[in-house]
Structure formats: structure tokens, C-alpha cells
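*Asks:*
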Amino acid sequence: SEADPIFDTTYDMVVVSNRLPVDYVGGDGADTRWKVSPGGLVTALEPVMRANEGAWVGWAGVADREFDPFEHDGISIVPVPLSEDELEEYYEGFSNDTLWPLYHDVIAPPSFHREWWDAYVRVNRRFAETAARVAAPGAVVWVQDYQLQLVPRMLRESRPDLVIGFFNHIPFPAYGIYSQLPWRRQVIDGLLGADVIGFQRAADAGNFSRAVRRLFGYKTRGTVLEVPGADGEMRHVVARHFPISIDAAAFEELARTPEVQQRAREIRRSLGDPEVVMLGVDRLDYTKGIRHRMKAFGELLRDERLSVQQATLVQVASPSRERVETYRQLRDEIELMVGRLNGDHAALGHPAITYLHHGYPRQEMAALYLAADVMLVTALRDGMNLVAKEYVASRYDDDGVLLLSEFTGASDELRQAVLVNPHDIEGLKDAMVEAVNMPPRERARRMRALRRRVIENDVANWSATFLETLTGVGKIPGGVSDA
Ligand code: F6P
Numbered sequence: 007s008e009a010d011p012i013f014d015t016t017y018d019m020v021v022v023s024n025r026l027p028v029d030y031v032g033g034d035g036a037d038t039r040w041k042v043s044p045g046g047l048v049t050a051l052e053p054v055m056r057a058n059e060g061a062w063v064g065w066a067g068v069a070d071r072e073f074d075p076f077e078h079d080g081i082s083i084v085p086v087p088l089s090e091d092e093l094e095e096y097y098e099g100f101s102n103d104t105l106w107p108l109y110h111d112v113i114a115p116p117s118f119h120r121e122w123w124d125a126y127v128r129v130n131r132r133f134a135e136t137a138a139r140v141a142a143p144g145a146v147v148w149v150q151d152y153q154l155q156l157v158p159r160m161l162r163e164s165r166p167d168l169v170i171g172f173f174n175h176i177p178f179p180a181y182g183i184y185s186q187l188p189w190r191r192q193v194i195d196g197l198l199g200a201d202v203i204g205f206q207r208a209a210d211a212g213n214f215s216r217a218v219r220r221l222f223g224y225k226t227r228g229t230v231l232e233v234p235g236a237d238g239e240m241r242h243v244v245a246r247h248f249p250i251s252i253d254a255a256a257f258e259e260l261a262r263t264p265e266v267q268q269r270a271r272e273i274r275r276s277l278g279d280p281e282v283v284m285l286g287v288d289r290l291d292y293t294k295g296i297r298h299r300m301k302a303f304g305e306l307l308r309d310e311r312l313s314v315q316q317a318t319l320v321q322v323a324s325p326s327r328e329r330v331e332t333y334r335q336l337r338d339e340i341e342l343m344v345g346r347l348n349g350d351h352a353a354l355g356h357p358a359i360t361y362l363h364h365g366y367p368r369q370e371m372a373a374l375y376l377a378a379d380v381m382l383v384t385a386l387r388d389g390m391n392l393v394a395k396e397y398v399a400s401r402y403d404d405d406g407v408l409l410l411s412e413f414t415g416a417s418d419e420l421r422q423a424v425l426v427n428p429h430d431i432e433g434l435k436d437a438m439v440e441a442v443n444m445p446p447r448e449r450a451r452r453m454r455a456l457r458r459r460v461i462e463n464d465v466a467n468w469s470a471t472f473l474e475t476l477t478g479v480g481k482i483p484g485g486v487s488d489a
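Going letter by letter, the sequence shown gives residues 7 to 489 in the UniProt record's numbering.
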């Protein structure tokens with residue numbers, strides 16, 4: 007076939023994700039400017055890509071712009087263009103107003119629109135075609151997340167030589183919820199094109215296997231699914247959990263720098279040097295339980311179980327999906343609540359809540375983590391929640407209390423956190439008071455145990471385990487079992 011000058015390089019390892027690790031900010035040609043894009047996925051995969059010299063296929067974060075492949079910080083970037091309509095129908099629509107709420111246990115009602123589904127199929131095909139063009143013969147292609155669930159099947163059809171992995175970064179819901187999806191068979195069939203399908207929690211993998219049995223009647227043995235192939239032969243597909251993580255050593259190293267420690271002291275001073283700094287860090291998303299945590303904190307101030315001289319809450323809410331209506335509404339609700347709580351409870355020099363609608367560089371995040379006595383992670387549903395792991399990794403001083411929702415993937419591993427059900431406001435209030443008053447020895451005991459876990463299962467371990475499973479499948483008869 008004719009050589010395509012833009013895609014004349016092929017790679018043995020290709021990662022495909024909706025968003026590239028960098029978002030386009032502005033400029034043209036040599037003046038084009040990029041910034042690191044938000045979210046846990048990029049945090050997790052960037053170190054893996056640096057180590058593997060692969061190509062990263064994804065969208066540059068802006069509509070109606072085409073970019074040639076380029077190198078960024080040692081990573082080969084292959085941009086996939088999206089039109090303004092596709093941005094609305096595939097990204098804001100089907101991905102973030104259908105699948106996102108559905109997969110997060112319908113905390114917000116999902117919208118089902120046939121035009122959105124058509125755009126999802128069309129855009130998934132474009133990602134699959136781009137990945138097929140840059141993948142060397144026999145390459146490993148690793149597809150990421152709910153925006154691209156049809157890509158594994160499309161790739162297998164056009165490139166049966168490839169080894170195809172898929173990792174779902176968000177929860178996979180119980181069948182009673184999943185089955186609402188009008189395209190429930192097509193999505194599962196799309197995923198079953200992969201050799202290994204990874205999930206965050208064992209419960210997610212279980213939900214997926216049950217959906218496969220209910221919708222297709224295929225046999226499953228533990229983590230191995232028997233899927234009929236194109237030739238009538240049985241393929242063995244592995245579906246199991248691989249809990250994602252962070253570069254724990256890098257966070258610790260950052261937290262140990264004198265600049266970050268100085269900055270942590272400055273942060274506390276600027277908050278009026280309260281006894282206790284509580285911190286929340288989230289994308290501004292209705293799955294994160296930001297309102298629940300503010301409500302609980304407000305009631306503690308109202309009931310005088312806490313005072314603003316004693317305790318203050320810093321809430322970082324990074325802007326996210328701002329054109330989706332549920333996100334706009336949430337922003338209004340949160341900002342109203344912040345205004346009320348400060349109006350009712352703050353004193354001069356002693357804010358109740360400091361609300362920051364920004365994303366911050368890693369350096370500033372590490373300083374915030376060090377400055378925070380109590381970290382509040384109160385998500386109503388969360389695939390993993392890497393903020394919890396970042397907090398723990400930063401606390402090389404074995405201090406600080408992690409308050410963690412049971413509805414996060416992280417709670418499967420981080421058992422020594424103060425675990426909460428964020429829907430139970432009274433329970434949440436008691437847990438916040440317990441965290442504020444926890445004796446230093448108990449804080450240290452818990453933090454040491456949490457740190458052991460995060461350092462042991464860091465992101466390098468996560469990707470190595472997934473990729474070993476992926477490249478081992480096919481060699482081992484019956485796939486890999488869940489030991
Ligand atoms: O893991 C969930 C996820 O949707 C990622 O796929 C994504 O990179 C991140 O959150 C941020 O979301 P978005 O790309 O929609 O801004």
C-alpha cells in the first residue's frame with residue numbers, strides 16, 4: 007500500500023485515549039502552545055508512555071482543528087480531530103451525559119439520544135482507524151476508558167494481528183442499571199474485541215461478566231470469558247481488576263523539596279493559622295460528593311462542634327465539562343452553598359470555606375496535601391480516586407488523616423482510612439470530628455499502613471501487571487487466572 011507521509015512511523019506500543027496528555031491552548035505552527043490535561047488517566051499513563059517509547063493517539067481538546075503528529079516531552083503524540091458537532095454529540099453527549107451518569111449508578115439521570123449514539127460509533131471508528139495506521143505488525147494497542155468502548159472490536163476486525171487491551175477507568179454498573187442502555191449489546195460486543203478487559207475493582211469485573219452472560223449467554227470461568235471468534239473457534243478473553251495508581255515516589259520526592267514545604271507553611275498562614283486545615287480536591291463533578299461534604303462541615307459549624315478559628319475547609323474544584331447542563335447546575339449549587347456558609351460562619355481572617363475553581367500544577371498540589379491535616383474524599387461513586395493516593399504518597403511525615411468514601415475504588419485498598427458513607431450526613435459529621443481529634447499516634451499508625459499500600463502498588467506496578475497479563479494471554483492456554 008502507498009506510504010502515508012504523516013503516518014510513516016509505526017509503533018510496537020500504542021495507547022488510545024479520548025484526551026491526549028496535552029490540551030491545545032492556542033497559537034499556530036511553531037508557536038502552538040499546549041498544557042497538561044486534567045484527570046487521573048493522564049496522571050497514570052504518562053510515566054508508562056515515557057518508559058515504553060510508544061505512540062499516544064487521542065484528541066487535542068479543541069474542536070475543528072487538525073494537527074500533525076508531534077513529539078511532546080519524549081512522547082509521540084498522534085492527534086485525532088473532532089468537529090464541533092462531534093464534540094457535542096460524542097464527547098459532551100454520549101460519553102458524558104449518557105455513559106458517565108449511567109456508569110456512576112445514575113446519580114444524575116442519563117440521557118439517551120440516537121444521534122449521540124451514531125456520533126459515538128463514528129468517532130470510535132476514527133480512533134480505531136488512526137490506531138490501526140500507527141500500530142506496527144503484532145503491536146500492543148491499549149485502549150482507555152468509556153469514551154472508546156467500541157474501538158477493541160473495530161481494531162480486531164481490521165487488524166487481527168494486534169494484541170488488544172482495554173482498561174475502564176470508571177465503574178462498571180450492576181446489570182439492573184447497565185441494562186437501561188439501549189445499545190447495551192453493541193457496547194459489550196465492542197469491548198469483547200479486546201484480549202484483556204481491565205477494571206478498577208473486582209466488583210466492576212463481576213458486573214461486566216454478569217452482563218456478558220445475561221446478554222450473550224457466553225460461558226465464564228472465573229476471570230476468563232469464552233467468546234466465539236470470527237473463525238468459529240473460541241477466544242479466551244480475560245476480564246479482571248487491575249486497581250490503577252500513581253507515581254508514588256515522584257509525589258513523595260516533590261513533597262520533600264524545601265520549596266514545597268515552605269509553600270505549605272505559607273498556605274496555612276494565609277488561612278489564618280487554624281488548628282486544622284481540611285482539604286477537598288476534585289474535578290467539579292456531581293459524582294464527587296462535594297455538596298455532601300460542605301453540608302456536613304456547615305452543620306458542624308452551625309452546631310458549634312467546630313469553629314472557624316479551629317478548622318477551615320479548602321475546596322479545590324477544577325473546571326470540567328462546563329457545557330454539560332448537569333455540570334453547570336452543580337457549579338451554581340456549589341457556589342451558592344460556599345457563599346452561604348461563609349456568610350453565616352466566617353470571621354475576618356478566618357474563612358469557613360476557601361473555594362478555588364482552578365486546576366493547579368503538581369507542585370502546588372503537593373504543598374496543599376502537606377498543609378492539610380484532614381483530606382476529605384467523599385465521592386458518591388468513583389472508579390478509583392487518585393487524589394486519595396496522592397495525599398497518602400505526599401505524607402512522608404506519616405501524618406494527616408484520610409477520610410475516604412466507601413464508594414471509591416480506592417477504599418478496596420486503603421482500608422486504614424476513616425471510611426464513610428457520604429449519604430449519611432450524621433455519620434459523615436462524626437467521622438469529620440473523629441478525624442479532627444485523632445491522636446497523633448493513631449494518625450501515624452494509619453498513615454504508615456496506607457503508605458505501604460500505595461508505594462507497593464504504584465502506577466508502574468499497575469501497568470506492568472496489565473501488560474504482562476495482556477502479552478501472556480494466548481501463550482497460556484485458558485488465559486490467566488485470578489490468583
Ligand atoms: O477517568 C475518567 C476521565 O473521564 C478520563 O477519561 C479523563 O481523562 C478524565 O476523567 C477527565 O475528563 P475529561 O477528559 O472529560 O475532561
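We put the beta carbon where it would ideally sit given N, CA and C, even for glycine.
(1) Could you tell me the distance, in whole angstroms, from the CA atom of V84 to the CA atom of E59?
(2) Taking all protein chains shown into account, do 16 or more other C-beta atoms lie within 10 angstroms of the C-beta of P483, making it buried, or fewer, making it exposed?
(3) In three-state DSSP terms, what is M160?
(4) Any heavy atom of the ligand F6P closer than 6 Å to the CB of L231?
(5) Taking the alpha-carbon positions, what's the G480 to E419 distance?
(6) Could you tell me which whole alpha helix (DSSP H) segments of length 4 or greater appear in the stretch 216–277?
(7) Taking the C-alpha atoms as reference points, what is the distance between V426 and P87?
(8) E95: buried (16+ other C-beta within 10 angstroms of its C-beta) or exposed?
(9) Taking the C-alpha atoms as reference points, what is the distance between V68 and M19?
(10) Would DSSP call S411 helix, strand or coil?
(11) Quick check: V287 and V393, are their CB atoms within less than 7 Å of each other?
(12) Leaving out five residues on either side along the sequence, give the residues of the same chain with a beta carbon under 6 Å from the beta carbon of S7.
(13) Check whether the stretch 243–260 touches the stretch 186–204, taking contact to mean three or more Cβ pairs, one atom from each stretch, closer than 8 Å.
(14) To the nearest whole angstrom, what separates the beta carbons of A377 and V283, a pair I think is in contact under 8 Å?
(15) Closer than 6 Å: is that where the CB of D111 sits relative to any heavy atom of the ligand F6P?
(16) Going by DSSP in three states, H298 sits in which element: helix, strand or coil?
(17) Below 6 Å CB to CB, which residues in the same chain sit around L336 once its five sequence neighbours on both sides are set aside?
(18) Verify the contact flag: R387, CB atom, against every heavy atom of the ligand F6P, threshold strictly below 6 Å.
(19) Taking T229 as the reference, give the member of D237, N213, L221 and E239 with the closest Cα.
(20) Just curious, the beta strand (DSSP E) that W62 is in, first and last residue?
(21) Give the straight-line distance between the Cα atoms of P107 and V42, rounded to the nearest whole angstrom.
(22) Report yes or no: is there a C-beta of chain B within less than 7 Å of the C-beta of D124?
(23) Could you check if D291 belongs to the surroundings of the ligand F6P, using beta carbon to heavy atom distance under 6 Å?
(24) Over the uninterrupted beta strand (DSSP E) stretch that includes G204, give me the two end residues.
(25) Confirm the yes/no value for this check: CB of H175, any heavy atom of the ligand F6P, distance under 6 Å.
(26) Is R25 near the ligand F6P, going by C-beta to nearest heavy atom under 6 Å?
(27) Just the C-alpha distance for V398 and R39, rounded to the nearest angstrom, thanks.
(28) What's the gap between the Cα of D430 and the Cα of L386?
(29) Tell me where the beta strand (DSSP E) around T318 begins and ends.
(30) Starting from H78, trace the beta strand (DSSP E) both ways and give me its first and last residue.
(31) In terms of alpha-carbon separation, which member of R139, R120, D29 and R25 lies closest to T15?
(32) For the beta strand (DSSP E) holding W189, just list the boundary residues, first then last.
(33) In this structure, what does DSSP give as the bridge partners for R39?
(34) Closest to L187 by CA distance: which of T49, P280 and F118 is it?
(35) Measuring CB to CB, does P177 end up less than 7 Å from D210?
*Replies:* This is what the structure gives:
(1) As a first step, residue 84 is located in the sequence shown; it is residue number 78 there, counting from the start. As a first step, residue 59 is located in the sequence shown; it is residue number 53 there, counting from the start. Each residue's Cα considered, the two are about 13 Å apart.
(2) By one-based count along the sequence shown, residue 483 stands at place 477. Caution is warranted here: a pLDDT of 41 is assigned to P483, below 50, making its placement in the model unreliable, and no coordinate value can be reported.
(3) Counting from one through the sequence shown, the residue named residue 160 turns up at place 154. DSSP places M160 in helix when its eight states are reduced to three.
(4) Numbered from its first residue, the sequence shown carries residue 231 at position 225. No - the ligand F6P has no heavy atom lying nearer than 6 Å to the Cβ of L231.
(5) Locating residue 480 in the sequence shown gives position 474, where the first residue counts as 1. Locating residue 419 in the sequence shown gives position 413, where the first residue counts as 1. A caution first: G480 carries a pLDDT of 47, below 50, which makes its placement in the model unreliable, though a value can still be read off. Taking C-alpha positions only, G480 is separated from E419 by approximately 30 Å.
(6) 254–261 and 264–276
(7) By 1-based counting over the sequence shown, the position of residue 426 is 420. By 1-based counting over the sequence shown, the position of residue 87 is 81. The straight-line gap from Cα to Cα measures roughly 42 Å.
(8) Sequence index remark: in the sequence shown, residue 95 carries index 89 (1-based). E95 sits buried, since 16 or more C-beta atoms from the chains shown fall within 10 Å of its C-beta.
(9) The residue you call residue 68 lines up with position 62 of the sequence shown. The residue you call residue 19 lines up with position 13 of the sequence shown. Near 25 Å, if we compare the C-alpha coordinates of M19 and V68.
(10) Your numbering for residue 411 matches position 405 in the sequence shown. Here DSSP, grouped into helix, strand and coil, assigns S411 to strand.
(11) Reading the sequence shown from its first residue, position 281 is the one you call residue 287. Reading the sequence shown from its first residue, position 387 is the one you call residue 393. Yes, Cβ-Cβ distance for V287 and V393 is below 7 Å.
(12) Taking the sequence shown and counting its residues from 1, one reaches residue 7 at position 1. Unreliable placement is indicated for S7, whose pLDDT of 41 sits below 50; the coordinate value is still reported in the next sentence. Same-chain partners within the cutoff: there are none.
(13) yes
(14) Within the sequence shown, the letter at position 371 stands for residue 377. Within the sequence shown, the letter at position 277 stands for residue 283. Right, their Cβ atoms sit about 6 Å apart.
(15) Position 105 of the sequence shown, counted from the first residue, corresponds to residue 111. No, since every heavy atom of the ligand F6P falls outside the 6 Å radius drawn around the Cβ of D111.
(16) Reading the sequence shown from its first residue, position 292 is the one you call residue 298. H298 falls in the helix class under three-state DSSP.
(17) Here the question's residue 336 lines up with position 330 in the sequence shown. Hits under 6 Å: Y292.
(18) The count along the sequence shown starts at 1 and reaches residue 387 at position 381. Result no, Cβ not under 6 Å from the ligand F6P.
(19) Within the sequence shown, numbered from 1, the residue matching residue 229 stands at position 223. Looking at the Cα atoms, N213 is the closest of the given residues.
(20) Translated into positions along the sequence shown, residue 62 becomes position 56. It spans A61 to W65 - the beta strand (DSSP E) in which W62 sits, taken as one unbroken run.
(21) Taking the sequence shown and counting its residues from 1, the one referred to as residue 107 is at position 101. Taking the sequence shown and counting its residues from 1, the one referred to as residue 42 is at position 36. Spanning the two alpha carbons is a distance of roughly 26 Å.
(22) Among the chains in the structure shown there is no chain B, since it carries only a single protein chain.
(23) The residue you call residue 291 lines up with position 285 of the sequence shown. D291 Cβ: outside cutoff for every heavy atom of the ligand F6P.
(24) Residue mapping note: residue 204 aligns to position 198 of the sequence shown, counting from 1. G204 -> beta strand (DSSP E) spans V202 to F205.
(25) In the sequence shown, residue 175 corresponds to position 169, counting from 1. H175 Cβ: within cutoff of the ligand F6P.
(26) Taking the sequence shown and counting its residues from 1, the one referred to as residue 25 is at position 19. Indeed, a heavy atom of the ligand F6P lies less than 6 Å from the Cβ.
(27) Sequence index remark: in the sequence shown, residue 398 carries index 392 (1-based). Sequence index remark: in the sequence shown, residue 39 carries index 33 (1-based). When rounded, the distance between both Cα atoms is 33 Å.
(28) Locating residue 430 in the sequence shown gives position 424, counting from the first residue. Locating residue 386 in the sequence shown gives position 380, counting from the first residue. If you take the alpha carbons of D430 and L386, they lie about 11 Å apart.
(29) By one-based count along the sequence shown, residue 318 stands at place 312. Its beta strand (DSSP E) spans residues A317 to S324.
(30) Taking the sequence shown and counting its residues from 1, the one referred to as residue 78 is at position 72. Its beta strand (DSSP E) spans residues F76 to H78.
(31) Taking the sequence shown and counting its residues from 1, one reaches residue 15 at position 9. It is R139.
(32) Taking the first residue of the sequence shown as position 1, residue 189 is located at position 183. Here W189 belongs to no beta strand (DSSP E), and DSSP marks it neither H nor E.
(33) Taking the first residue of the sequence shown as 1, we reach residue 39 at position 33. G32, per the DSSP bridge assignment.
(34) The sequence position of residue 187 within the sequence shown is 181, counting from 1. Of the candidates T49, P280 and F118, the one whose C-alpha sits nearest the C-alpha of L187 is F118.
(35) For this step, residue 177 is matched to residue 171 along the sequence shown. For this step, residue 210 is matched to residue 204 along the sequence shown. Their beta carbons are under 7 Å apart, which means P177 touches D210 by this criterion.
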